[in-house]
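So that you can map any letter, position 315 of the sequence shown is 534 in this note's numbering, and since no number is skipped, the others follow by simple counting.
Think of the CB as a built atom: it goes at the ideal place given N, C-alpha and C, for glycine as much as any other residue.
In this text the structure is predicted, and so the values were computed from the model without any measurement.
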Amino acid sequence: MQKINQFNQYLLEKYPTIWNTRIVWMLLGSLAVHILFFVIGYLSHIDPVSLQKYSVKNDYYTDGVIFIHLIISILMIVGWLLMMFKNNAFKNFYPSSKGKLFVQFVQYFIIIFASTTFFFSYMVGFRLFINQKYSDEEMSKNIDIINRVHPFLSQNLESYTLENRLFPKPFNDLYCETDIDDIDRNKKYFVYYDRVYQFNSVYSKTSFKRNKKNEFIIPEPEASLKTPIAYSDTKEKSQIFYFKKEVVDVSPYIKTTGLTYYNFSNILYDHNFQAYDDGVSGIEIDYYYNKDSPDHTLKNKKAIINQKTAELLDRKNPAELEKLLTDFLVISKKYRVKNNLEAKSWVKMIYTPQNPDFEVRYFIKDYQPRINEDDEYYDSDIVVDSVSNAIDEYGNIVTDSVKIRQFNPEINNQVSPQDYFKNNVTDYYYCTDHMKELLENVDRVKNEDFFSENVHIYIWIAFFLSTFIFSFRITGLKSLMFSVISAGLLVLAITLVIVMYTAVTGLKEEFFVLYFLLLVSLVILLIPIFKIESLSKVVSSIFVNISMNGFVLFLLLIFGIINMHQKAMCGVEIYDSYDISQTKTCVTVFDYLGLGISYILLLGGFIFMYFYTSVLQRWKAMPE
């Protein structure tokens with residue numbers, strides 16, 4: 220205790236501003252709390268099960284850590300204020316130069332920022348744990364095994380139908396038509412119950428022109444000939460149309476038109492694919508991706524999965540398959556993903572001499588069933604893409620159910636996909652979503668920039684609290700309260716003026732509102748600078764306090780006016796009716812700067828506070 224007193228005495232004599240703000244002790248206390256939150260973050264997700272949820276980046280708020288954060292921050296700031304207010308530099312006539320006043324304000328900002336940013340220490344600890352526990356090399360190896368085993372989980376019937384086939388090579392380049400009305404009955408097609416498949420080669424043409432409805436125009440002569448469009452890919456300034464060319468007979472590659480592991484081409488997870496979720500992608504292919512999409516990056520990766528699966532099946536080596544499934548279950552056990560699978564039994568579900576075409580004969584549940592669970596879940600959970608509908612969305616009877624009999628006369632004697640799925644669901648289960656969520660969360664914690672996403676909130680909390688406390692330290696409680704009340708009345712008056720203007724003129728008020736606010740702001744800012752001596756000290760303190768606490772909002776108002784004029788001059792987007800090259804996109808100052816405008820406002824606020832300290836000295840010199 221004696222050494223602490225000696226150190227305080229040293230600061231008082233050599234650095235009175237630092238002693239007065241208690242910044243040394245506050246930073247030391249904040250450091251201790253930051254270390255505590257770092258440890259909490261490091262230990263928060265030791266159990267892999269805690270990563271098996273939609274997003275763990277919000278756990279800081281949902282698990283109650285934020286409340287500990289708030290309590291500690293409030294106690295620290297209140298305690299700091301109580302210690303500091305015992306020694307008000309102005310009231311006790313300490314000499315305060317312009318530079319010392321500004322440094323004091325900066326110290327306030329640093330103290331509050333350090334006392335409120337424990338979230339970042341938590342996330343640093345969390346990220347360090349994830350990087351150590353789930354190394355990139357290990358994760359890449361595990362994800363490869365997971366994706367190679369994914370075809371054998373057999374949880375979604377639609378993943379095993381013929382249109383998913385991408386290997387061997389012809390399938391990757393072909394378009395699979397499944398619409399009954401677009402099937403050429405004179406060419407080779409394939410039937411599975413109420414589904415019809417026909418493979419077509421395609422060619423592409425790019426359109427850069429738009430019509431008056433802002434739609435890309437189909438190129439000629441395809442538009443005139445009404446050549447069927449297989450699919451299209453829309454870019455920013457163009458659209459690529461893919462047209463059917465001719466039907467291709469792929470019979471030599473197809474052993475069965477039913478459900479088979481040879482058709483599976485989905486990816487459970489790919490942390491290298493950059494198209495979704497800012498580089499972090501848990502890809503549920505059935506939802507995000509059309510097999511015939513021209514996105515070749517993902518399509519090629521799907522084809523590789525299809526190829527590896529086909530090659531593994533062709534080798535007909537149960538021991539090799541069992542080794543792969545065992546490695547997968549070891550990973551699942553390590554990550555504590557719920558399942559009741561056993562490698563030997565699983566192999567028997569996939570490969571038997573009586574199943575040479577590797578048809579999918581058993582299905583695995585994708586969740587842990589409860590005791591005495593009702594099997595009706597499977598009636599509603601089956602996803603069927605191409606089942607013919609007897610009734611359309613308006614309740615009208617359609618003829619697909621009749622048309623399908625022209626392709627498959629024996630349909631009434633066959634088992635429907637829904638019934639087949641229901642009849643072959645086993646008691647085995649594997650929580651696939653839990654595995655995918657864990658992989659997603661690991662990559663999110665490793666790669667997401669949690670600092671840039673959140674730092675602006677803490678910056679402005681610290682800045683506005685600093686200006687408010689600085690105002691109190693300089694002008695006193697009475698002046699500050701008068702300023703708060705005056706600001707509230709001013710907002711009310713401005714609102715009434717705007718409402719009256721709108722009611723009287725009936726015009727849009729955007730420009731009037733912003734320029735009226737600009738005029739009022741300029742009056743408030745300029746009066747303390749040029750006319751402070753002509754006002755009483757209490758009245759002038761109101762202008763001083765509002766100026767200090769509202770200057771960054773004044774800067775934001777200026778940017779808002781610039782942004783509004785840019786939009787008015789540029790419009791939203793102007794398109795030429797026929798030539799896309801004439802497209803003009805409006806980029807405003809907010810679009811260009813993005814969150815960078817926050818740092819500009821912060822820098823402007825500090826510069827203003829530095830020069831405004833001379834006004835504060837003039838105000839303090841005024842008679843009471």
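**Q.** Nearest-angstrom Cα separation, counted from Asp282 out to Lys222
**A.** Cα to Cα, the separation comes out at about 41 Å.
Q: Figure out for me which residue from Lys756, Val757 and Tyr811 has the closest Cα to the Cα of Ile781.
A: When only C-alpha atoms are compared, the closest one is Tyr811.
Q. Quick one: what's Ile362 bridged to in DSSP?
A. Per DSSP, Ile362 has no beta bridge partner at all.
(Q) Against chain B, does Gly477 count as a neighbour if the rule is that its beta carbon must be under 7 Å from one of theirs? (A) Of the protein chains in this structure there is only one, and it is not chain B.
Q. Is the region 443-460 close to the region 407-427, with three or more CB pairs under 8 Å?
A. At 8 Å Cβ cutoff, the stretches touch.
Q: Indicate whether Arg692 and Ile751 have their beta-carbon atoms separated by less than 7 Å.
A: Result no, Cβ atoms of Arg692 and Ile751 do not sit closer than 7 Å.
Q: Assign Leu745 to buried or exposed, taking buried as 16 or more other Cβ atoms, counted over all protein chains shown, within 10 Å of its Cβ.
A: Looking at its Cβ environment, which holds fewer than 16 other Cβ atoms inside 10 Å, Leu745 is exposed.
Q) Where does the unbroken alpha helix (DSSP H) through Ile777 begin, and where does it stop? A) Annotation: the continuous alpha helix (DSSP H) that includes Ile777 extends over Lys756 to Cys789.
Q. For the region 629-708, which segments carrying the beta strand (DSSP E) assignment without a break, of at least 3 residues, lie completely within its bounds, in sequence order?
A. List check, beta strand (DSSP E) in window: 644-648.
Q.
Looking at Ser359: is its Cβ nearer than 7 Å to the Cβ of Met295?
A. Met295 is positioned such that its CB atom lies no closer than 7 Å to that of Ser359.
Q | Of the residues Leu543, Val556 and Tyr586, the one placed nearest Val566, counting alpha carbons only | A | For Val566, the nearest C-alpha among the options comes from Leu543.
Q: Give every residue of the same chain whose Cβ lies closer than 6 Å to the Cβ of Phe827, excluding the five residues on either side of it in the sequence, and list them in chain order.
A: Apart from the 5 residues on each side of it in sequence, Phe827 sits with its Cβ closer than 6 Å to the Cβ of Phe770 in its chain, given in chain order.
Q: Find the nearest neighbour of Thr928 within the set Lys553, Leu532, Ile583 and Lys552, judged by alpha-carbon distance.
A: Residue 928 is absent from the model: the chain starts at 220 and stops at 843.
Q. In chain order, what residues of the same chain lie with their CB nearer than 6 Å to the CB of Ser249, ignoring the 5 residues before and after it?
A. Once the five neighbours on either side are set aside, the close Cβ partners of Ser249 are Ala333 and Ser334.
Q: Could you tell me the distance, in whole angstroms, from the CA atom of Ala262 to the CA atom of Glu356?
A: According to the sequence provided, residue 262 is Leu. The question's Ala does not apply to it. About 22 Å.
Q) Per DSSP, Arg181 is paired with what? A) An answer regarding residue 181 cannot be provided, because it is not within the stretch 220 to 843 covered by the chain.
**Q.** For Tyr488 and Tyr720, the rounded distance between their alpha carbons
**A.** Rounded to whole angstroms, Tyr720 to Tyr488 spans 57 Å at the Cα level.
Q: Can you grab the Cα-Cα spacing for the pair Tyr831 / Ile329, in whole Å?
A: Approximately 19 Å, taken between the alpha carbons.
Q: Pull up the DSSP beta-bridge partners for Asn574, would you.
A: Per DSSP, none; premise fails for Asn574.
Q.
Taking its Cβ as the centre, do 16 or more other Cβ atoms sit within 10 Å of Asn361, making it buried, or is it exposed?
A. With 16 or more other Cβ atoms within 10 Å, it is buried.
Q) For Met302, which option in Glu377, Trp244 and Val268 has the closest C-alpha, if you only look at C-alpha atoms? A) Measuring C-alpha to C-alpha distances from Met302 to each of Glu377, Trp244 and Val268 identifies Trp244 as the nearest.
Q. Applying the criterion that 16 or more other CB atoms from any shown protein chain within 10 Å of the CB defines a buried residue, is Gly344 buried or exposed?
A. Taking all protein chains shown into account, Gly344 has 16 or more neighbouring C-beta atoms within 10 Å of its C-beta and is therefore buried.
Q: Indicate whether Tyr846 and Thr645 have their beta-carbon atoms separated by less than 7 Å.
A: Summary: the structure shown does not reach residue 846, with the chain confined to residues 220 through 843, and so no result is reported for it.
Q: For the region 402-420 and the region 541-561, state whether three or more C-beta atom pairs, one from each stretch, are separated by less than 8 Å.
A: Taking a contact to require three or more Cβ pairs closer than 8 Å, the region 402-420 and the region 541-561 do not qualify as touching.
Q. Cα separation between Ile365 and Arg534?
A. Looking at the backbone, the Cα of Ile365 and that of Arg534 are separated by about 20 Å.
Q: Using a threshold of 7 Å, state whether the C-beta atoms of Ala449 and Lys463 are closer than that.
A: Taking C-beta atoms as the reference points, Ala449 and Lys463 count as a pair closer than 7 Å.
Q) Which residue from Ile765, Lys319, His253 and Ile680 puts its Cα closest to that of Tyr234? A) Measuring from the Cα of Tyr234, the nearest candidate turns out to be Lys319.
Q: Report the rounded CA-to-CA distance for Thr479 versus Lys272, giving the unit in angstroms.
A: Per the coordinates, the alpha-carbon of Thr479 lies some 31 Å from the alpha-carbon of Lys272.
Q. Helix, strand or coil for Leu825 per DSSP?
A. Here the sequence assigns Phe to residue 825, which means Leu is not the residue at that position. Helix.
Q: Count the other CB atoms, across all protein chains shown, that sit within 10 Å of the CB of Leu820; report buried if there are 16 or more and exposed otherwise.
A: Result: buried.
Q: Within the same chain, show all residues whose beta-carbon is closer than 7 Å to that of Ile437, passing over the 5 residues directly before and after it, in chain order.
A: Excluding residues within five positions, the ones whose Cβ falls inside 7 Å are Ser426 and Phe460.
Q) Thinking C-alpha only, which one of Arg346, Phe435, Ile816 and Val322 is nearest Glu455? A) Across the set Arg346, Phe435, Ile816 and Val322, the C-alpha of Phe435 shows the shortest separation from the C-alpha of Glu455.
Q.
Check whether the region 757-765 and the region 691-709 touch, using three or more Cβ-Cβ pairs below 8 Å as the test.
A. The region 757-765 vs the region 691-709: in contact.
Q) Does DSSP put Asn615 in a helix, in a strand, or in coil? A) Since pLDDT at Asn615 reaches only 44, below the 50 mark, its modelled position is unreliable, and no value is offered.
Q. Counting along the chain, where does the beta strand (DSSP E) carrying Tyr450 start and finish?
A. Run containing Tyr450: Ile448 to Thr453, per the beta strand (DSSP E) assignment.
(Q) Which of the three DSSP states is assigned to Gln458 in this structure? (A) In the three-state DSSP reduction, Gln458 falls in the strand class (E or B).
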